[in-house]
Structures are given as structure tokens and as C-alpha cells.
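Asks: Quick note on the working numbering: the sequence shown kicks off at 169 and runs consecutively. Handing you a structure now.
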Amino acid sequence: AGESVGLVVAHTAETLSGLAVVRAFRMQERFLGENLKLQSRSTVVTFSLANLSLWLAFRVDLIGALLVLGCCLLAVIDTSIDASDAGLIVSNSFQILLFFSIM
Numbered sequence: 169a170g171e172s173v174g175l176v177v178a179h180t181a182e183t184l185s186g187l188a189v190v191r192a193f194r195m196q197e198r199f200l201g202e203n204l205k206l207q208s209r210s211t212v213v214t215f216s217l218a219n220l221s222l223w224l225a226f227r228v229d230l231i232g233a234l235l236v237l238g239c240c241l242l243a244v245i246d247t248s249i250d251a252s253d254a255g256l257i258v259s260n261s262f263q264i265l266l267f268f269s270i271m
């Protein structure tokens, strides 16, 4: 994403620094078209990265929720686990879920 934004910024800066030459050769439409093409490409990259981030966050949250569910079921179903151990297991599974959410 940084490279595509950098291309837009570089193209805009170069166009503005050579604006007199661009106008002298009447190439405004060409430079406008190139700028719009670069901005469109940058927007596609940014949108794709945002969607990928949401997809990954959903999957990681789902894995964390399943981990918490498994730990809670283990704490309830297994009668050989003490209450303090069960509480520690559930507490640690919530901490892992929080760690996954921060990532």
C-alpha cells in the first residue's frame, strides 16, 4: 500500500514542479489520466488490504472463541479438575483470545 501511495505522491509532485512545461505542451489531460489511474490502483490496493485484514481478524477471533468454548466445556465436564484449576484454564483462554484480538 505504501508503494502505491508513494507513486501517487511522486507523480503529483513531479507534475506540480513541471506544471509550466505540461501546460506549454498542452498535456494536462494525459497527466490527469495518469494521476487518476495511479489513484485508482492505490485505492484498489488499500481496499484489498483492508478486506484481508478483516478476513484474518474474523478467522482469528473464531479460533479464539472455539478455544474458550473448549476450555469452558473441559472445565465443566471434567470432574477431576479443581475449581481453581478450571478458573485458571478459563482465565488463560480469555487472555489468549485477547492476545488474538490485539494481533
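Note that the Cβ used here is the ideal one computed from N, Cα and C, for glycine as well. Fair warning: this is a prediction, and the values are worked out from it, not measured in the lab.
Rank I264, E171, L230, W223 by C-alpha distance to the C-alpha of V213 and give the top, closest one.
Replies: Nearest option by C-alpha distance: E171.
Asks: Have a look at K205 and L237 and give me their C-alpha separation to the nearest angstrom.
Replies: Computed Cα separation, rounded: 48 angstroms.
Asks: Looking at the unbroken alpha helix (DSSP H) that takes in S208, where does it start and where does it end?
Replies: Unbroken alpha helix (DSSP H) run through S208: 196-245.
Asks: By how many angstroms is the C-alpha of A218 removed from the C-alpha of A280?
Replies: With the chain covering only 169 through 271, there is no way to say anything about residue 280.
Asks: Near D229, what residues of its chain come up, given a Cβ to Cβ distance below 7 angstroms and the 5 sequence neighbours on each side ignored?
Replies: Hits under 7 angstroms: F268, S269.
Asks: Quick one: is S261 buried, meaning 16 or more other Cβ sit within 10 Å of its Cβ, or exposed?
Replies: Buried, by the Cβ-count rule.
Asks: Could you check what DSSP says for D250 in three-state terms: helix, strand or coil?
Replies: Looking at D250 - three-state DSSP - the assignment turns out to be coil, as it is neither helix nor strand.
Asks: Name the two residues that bound the continuous alpha helix (DSSP H) containing G186.
Replies: Element bounds for G186: n/a, residue is neither H nor E.
Asks: DSSP on F268, reduced to helix/strand/coil?
Replies: Here F268 sits in helix by DSSP.
Asks: Compare the beta carbon distance of I264 and L242 with 8 angstroms and say whether it is the shorter of the two.
Replies: Against a cut-off of 8 angstroms, the Cβ pair of L242 and I264 comes out as no contact.
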